[in-house]
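Residue numbers (the working numbering), protein chains in the order written: chain A, 167 to 280; chain B, 167 to 280; chain C, 19 to 165; chain D, 19 to 165. Positions of the beta carbon are idealized from the N, C-alpha and C atoms, including for glycine. Computed from a predicted model, the values in this text were never measured in an experiment.
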Amino acid sequence: MVTQTKTKVDENGDLAVLRFEGDITSHSEEAVLGKYRALNAATKKILLDFSKVPYLNSSGIALVIQLLMAANKASQKVVCFGLSAHFVKVFTMLGLAKYTSLHADETAAREAVG
Amino acid sequence: MVTQTKTKVDENGDLAVLRFEGDITSHSEEAVLGKYRALNAATKKILLDFSKVPYLNSSGIALVIQLLMAANKASQKVVCFGLSAHFVKVFTMLGLAKYTSLHADETAAREAVG
Amino acid sequence: MIVDPIVTELRLPTRLGFEKVAMYTAASVAELMGFSPDRVDDLKTAVAEACINAIEHGNKLNENLGVVVTLSIEDESLEVKIRDQGAGVHKVAHVPDIDRKMAGEETPRGMGMFLIQALVDEVEYVSEQSGSYARLVIHLNAEARTD
Amino acid sequence: MIVDPIVTELRLPTRLGFEKVAMYTAASVAELMGFSPDRVDDLKTAVAEACINAIEHGNKLNENLGVVVTLSIEDESLEVKIRDQGAGVHKVAHVPDIDRKMAGEETPRGMGMFLIQALVDEVEYVSEQSGSYARLVIHLNAEARTD
Ligand SMILES: Nc1ncnc2c1ncn2[C@@H]1O[C@H](COP(=O)(O)OP(=O)(O)O)[C@@H](O)[C@H]1O
Ligand SMILES: Nc1ncnc2c1ncn2[C@@H]1O[C@H](COP(=O)(O)OP(=O)(O)O)[C@@H](O)[C@H]1O
């Protein structure tokens, strides 16, 4: 009764893009952390694409925080794009903007990650 | 508790476009028939723009039928555009396609009306 | 396999406009079940029409009465009962005749029951002492109705 | 002026996923009332979080229990009660500390009650013999919360 989140992964040298599709909830561990852990060891920059995520709940956001923790330890830079105005507000309220940056679209996100 | 339908009217010679905005229900008499009746007497071709109508119910469709009846009597040609695939199906099921034609967009509708 | 159906119940006031609440509630249950967007649209229109009839004809716009929509998820289908406190429907759905409507020989209205029947897989109208209901069933693996 | 509030009631099964049904039901009532899309989004997240808590913590995922969402339309506001059959909430909403979370000193979860409080205008948790409820109020003419 819960739709599975899908994640498409684009890897290119030290840059990886995780493109989520579907809701991100407590059922999305594999789609968020599983896909993050499977990235190749050379990854230094990570883009999280939320443009096809209609709904995230607080358990789903907790998975994003766990990804940010792991990336922080591994000195990887993470930037997000494609969140709706509502979820930009929610991420900001929860302080995530301190450990990642939130961009309107992929072009802006790619620029930010350098 | 019921949102009002708005109708923008564009008149140009013998052509008029009724651009509906909002749901079309039993509360839309003025927005559909009222605006039709106020068209200038020279009107021969009428385009109905449904692209900003998220929902029509059967009472709303009955108003469209009343408009078609009046236009038929006045020898005016009516074509529709911007209905979702679902409402194209519903209009067709109800036989409206016999008295009007249903087009994807304004360009196709303008071509059809000649 | 689901043994007991999973039931969601919605109680609406007898007010035109609230059929949209039933429409979105039913749509979200159907989406959870994995119905295609086409079929969700069919269900939305059918549920809205049945609720409008319950409000207008069943409860005759009496705001002291209520409308209850029960959504039961079964293995391969969703059953929706729309219950009002009126005497019920004792006729078959009229098939609208557009030519007669255009000629002014038939009311431009009278299309709700036909649409319901055309858009879902099963329809039944039941009257009980406490009220009446329309029972709609839509199958998960049926094609969208195009007839 | 509305004398009696207009009430819509939704009964949900105790199953994760059904918070989305509550979310869309609440959103459609708020839309009927004329809430702006921003405020509807705030309400959707708050109602979903409260339902998840009712399912997980209140009813402890026991499928024999139910969750009841009551939406009462008042003159200038919408009140939403999310009722479960558990013992209720006896603490204030924890303010999440992202630095402590990132350092592993605090669970990455524990953000639901904070979000609810941040997104609506009033929140209250009430325990009764028969169960407990969260009471959320959102005002029609308040600005979207940006804090
Ligand atoms: N829930 C109901 N309770 C009582 N009568 C009903 C109900 N639903 C439909 N009817 C009857 O069936 C008729 C046809 O309904 P419908 O096809 O939906 O068209 P309309 O509502 O436009 O009349 C109604 O006019 C009414 O007499
Ligand atoms: N409806 C409820 N019934 C009982 N306890 C609750 C309820 N809602 C919240 N709680 C308690 O408050 C805590 C914090 O909830 P919340 O902030 O939503 O975070 P999380 O659900 O991630 O733990 C929960 O872990 C639980 O102990």
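Measure from the alpha carbon of B:Lys255 to the alpha carbon of each residue in C:Ala136, C:Gly149, C:Glu74 and C:Ser95, then state which is nearest.
Residue C:Ala136 is the option with its Cα nearest to B:Lys255.
Does the beta-carbon of C:Lys38 have 16 or more other beta-carbons within 10 angstroms, so that it is buried, or is it exposed?
Buried: at least 16 other Cβ atoms inside 10 Å.
Can you tell me which residues form a DSSP beta bridge with C:Glu146?
Per DSSP, C:Gly149.
Taking CB distances under 7 Å as the criterion, tell me whether B:Gln170 reaches chain C.
No, B:Gln170 lies away from the interface with chain C (no Cβ there is under 7 Å from its Cβ).
So, with DSSP's three-state summary, where would you put A:Thr266?
Coil at A:Thr266, not helix or strand.
To the nearest angstrom, how far is it from the Cα of C:Val113 to the Cα of D:Leu61?
C-alpha separation (whole angstroms): 42 Å.
By Cβ distance, which residues of its chain are closer than 6 Å to B:Asp271, with the 5 residues on each side in sequence left out?
Excluding sequence neighbours, B:Asp271 sits near Phe247.
Looking at the structure shown, is C:Ala111 part of a helix, part of a strand, or coil, going by DSSP?
Residue state, collapsed to three classes: coil.
Measuring from the CB of D:His108, is there a heavy atom of ligand 1 at a distance below 6 Å?
D:His108: no, Cβ never under 6 Å from ligand 1.
Starting from the beta carbon of C:Leu133, find every residue of chain B whose beta carbon is closer than 8 Å, and list them in chain order.
In chain order: Ser224, Val256, Met259 and Leu260.
Quick one, which of B:Leu222, B:Val198 and B:Ala208 has its alpha-carbon nearest B:Leu214's?
Answer by Cα proximity: B:Val198.
If you reduce the DSSP assignment to three classes, tell me which class B:Phe257 lands in.
In this structure, B:Phe257 counts as helix in the three-state DSSP scheme.
When the Cα of D:Met129 is compared with those of A:Lys239, A:Leu262 and A:Ser194, which residue comes out closest?
For the residues A:Lys239, A:Leu262 and A:Ser194, the minimum Cα distance to D:Met129 belongs to A:Leu262.
Measure the Cβ-Cβ separation of C:Thr32 and C:Val47 and say whether it is below 7 Å.
No, the Cβ-Cβ distance between C:Thr32 and C:Val47 is not below 7 Å.
Looking at chain D, is there any beta carbon in it that lies within less than 7 Å of the beta carbon of C:Asp165?
In this prediction, C:Asp165 has a pLDDT of 48, which is less than 50 and means its spatial position is unreliable; nothing more can be read from the coordinates.
In angstroms, rounded to a whole number, what distance separates the CA positions of C:Thr125 and B:Ser194?
The alpha-carbon atoms of C:Thr125 and B:Ser194 are separated by roughly 17 Å.
Measuring CB atoms only, is the stretch 185-193 of chain A touching the stretch 202-217 of chain A, in the sense that at least three cross pairs come out at less than 8 Å?
In short, these stretches touch, since the Cβ pair count reaches three.
Who pairs with B:Arg185 in a beta bridge, going by DSSP?
DSSP output for B:Arg185 lists B:Lys174 and B:Asp215 as bridge partner(s).
Smallest Cα separation from C:Val86: which of C:Ala66, C:Lys119 and C:Val110?
Taking only the C-alpha atoms, the option nearest C:Val86 is C:Ala66.
On the DSSP bridge list, what partners appear for A:Phe247?
In DSSP, A:Phe247 forms a bridge with A:Asp215 and A:His269.
Does any CB atom of chain D fall closer than 7 Å to the CB of A:Tyr265?
Output row for A:Tyr265: interface = yes.
Could you check if C:Phe80 belongs to the surroundings of ligand 1, using beta carbon to heavy atom distance under 6 Å?
Position check: residue 80 of chain C holds Asn in this sequence, whereas Phe was assumed. Because no heavy atom of ligand 1 lies under 6 Å away, the Cβ of C:Asn80 does not count as near it: no.
Between the stretch 40-55 of chain D and chain C, which residues of the former have CB atoms less than 8 Å from a CB of the latter, in chain order?
Flagged, chain order: Met41, Tyr42, Thr43, Ala45, Ser46, Val47, Glu49 and Leu50.
In chain order, which continuous runs of the alpha helix (DSSP H) of length 4 or greater are located wholly inside the stretch 60-132 of chain C?
List check, alpha helix (DSSP H) in window: 116-120.
Measuring CA to CA, which of B:Asp176, B:Arg203, B:Ala274 and B:Met259 is closest to B:Gln232?
It is B:Arg203.
Can you pull the DSSP bridge partners for D:Glu140?
Paired residues: D:Val155.
Quick one: which chain C residues come within Cβ less than 8 Å of B:Asn206?
Neighbours of B:Asn206 on chain C: none; closest Cβ ~24 Å, over 8 Å.
Just checking my contact of C:Gly104 with C:Asn77 at CB under 8 Å: how many whole Å lie between their CB atoms?
Indeed, because the Cβ distance is near 6 Å, the residues count as touching under 8 Å.
So C:Ala72 and C:Val58 are supposed to be a Cβ contact under 8 Å. How far apart are they, rounded?
With a Cβ gap of about 21 Å, C:Ala72 and C:Val58 do not count as contacting.
Any idea what DSSP makes of D:Arg33, helix, strand or coil?
Here D:Arg33 sits in coil by DSSP.
Near D:Arg153, what residues of its chain come up, given a Cβ to Cβ distance below 6 Å and the 5 sequence neighbours on each side ignored?
Excluding sequence neighbours, D:Arg153 sits near Lys99 and Glu142.
Tell me whether A:Leu222 sits in a helix, a strand or coil according to DSSP, three-state version.
A:Leu222: strand per DSSP, three-state reduction.
Can you tell me whether D:Asp71 sits near ligand 2, meaning its C-beta is under 6 Å from at least one heavy atom of the ligand?
Strictly speaking, residue 71 of chain D in this sequence is Asn, with Asp absent from that position. At least one heavy atom of ligand 2 is nearer than 6 Å to the Cβ of D:Asn71, so yes.
Candidates A:Lys211, A:Ser192 and A:Ala274: which alpha carbon is nearest A:Val320's?
A query on residue 320 of chain A cannot be resolved here, the shown segment of chain A reaching from 167 to 280 and no further.
Residues of chain D with CB closer than 8 Å to the CB of C:Pro31, please, in chain order.
Ordered by position in chain D, the residues that pass the 8 Å Cβ test against C:Pro31 are Ile24, Val25 and Thr26.
Report all residues from its chain with a CB closer than 7 Å to the CB of B:Asn206; omit the five preceding and five following residues, and keep chain order.
The residues are Glu177.
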